[in-house]
Ligand SMILES: Cc1cc2nc3c(=O)[nH]c(=O)nc-3n(C[C@H](O)[C@H](O)[C@H](O)COP(=O)(O)O)c2cc1C
């Protein structure tokens, strides 16, 4: 489901009421919804009041309007009102959008009277941001990257996905000086990250995934030129692009990923993270309707 449902509140509420009746009550699980802000406080309030009457147990408010891009700072003006309406109705309220880490979420929750927060972008950069300050708080990038590499090797994670996430986790300067962009496979990336103790395992995973002899983009281009010197374009071009997105299993909603030129050029969003976020949301109150 997408943010389009924000403009068809009757349909949205019908879907939620049905989910509550047919799934929530039947299987004794909570149903939650995640929405964006509407343009005016009044409009958002009316919608939240209606949503709370459907029998949902949780509501996440992404503190951006449908028109706002994710690069625009989240706005908090309507947050207290949303929290108040939810509390009155006995519905748990989570806020989302530009939350940096656990301490920030706790502060925002207390300042605006909501029950907690949901974090996406910052968690992709540093999954340890959920660690409480009493247990050491967020870890530095080297520790995060090491833990991530251990997990990625353990599950033989797809190489392209691992490289994409490493690029989120490492500071840009480090990526440049260590040559992350040129990393061809697990073995190579372990070397450039000084993870010498993981190199042997990395070789095994590369062999399993077939990334042992992976070519760089420049090498791929040179090879393509050699086999197709006329530079004829592949008939499959359009399809190939689409397949790329499907392979990533991209699940963003229309509002979360506006289809402007600039957004299209941004780095791909791998499926693992979308799944992770959905799982995270479902952990709180499952299942969820996301808009
Ligand atoms: C990698 C990634 C995957 C996401 N997948 C979903 C999704 O499947 N459904 C959804 O409603 N929002 C999804 N979002 C949007 C987030 O839930 C969130 O609303 C948005 O990123 C704003 O929060 P943030 O500032 O903490 O990133 C995703 C965000 C990221 C970064």
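Residue numbers (the working numbering): 5 to 295.
Quick reminder that beta carbons are idealized off the backbone N, C-alpha and C, glycines included.
Residue i vs residue j beta-carbon contact at 8 angstroms
i: residue 296; j: residue 130; result: Because the chain here runs from 5 to 295, residue 296 falls outside it and cannot be looked at.
i: residue 163; j: residue 213; result: yes
i: residue 17; j: residue 65; result: no
i: residue 182; j: residue 135; result: no
i: residue 101; j: residue 67; result: yes
i: residue 170; j: residue 184; result: yes
i: residue 35; j: residue 24; result: yes
i: residue 37; j: residue 20; result: yes
i: residue 77; j: residue 116; result: no
i: residue 95; j: residue 62; result: yes
i: residue 10; j: residue 73; result: no
Any non-hydrogen atom of ligand 1 closer than 7 angstroms to residue i Cβ
i: residue 130; result: no
i: residue 66; result: yes
i: residue 103; result: yes
i: residue 74; result: yes
i: residue 61; result: no
i: residue 48; result: no
i: residue 39; result: no
i: residue 4; result: The first residue shown for the chain is 5 and the last is 295, placing residue 4 beyond what the model contains.
i: residue 123; result: yes
i: residue 100; result: yes
Opposing strand residues paired with residue i [DSSP bridges]
i: residue 65; result: 39, 99
Just list the beta strand (DSSP E) runs in the stretch 11–61, keeping only unbroken ones of 3 residues or longer that don't cross its boundaries, in chain order.
36–41
Threshold first: 4 residues or longer. Then list the alpha helix (DSSP H) segments lying entirely within the stretch 111–199, N to C.
125–129, 145–158, 163–173, 176–182, 190–196
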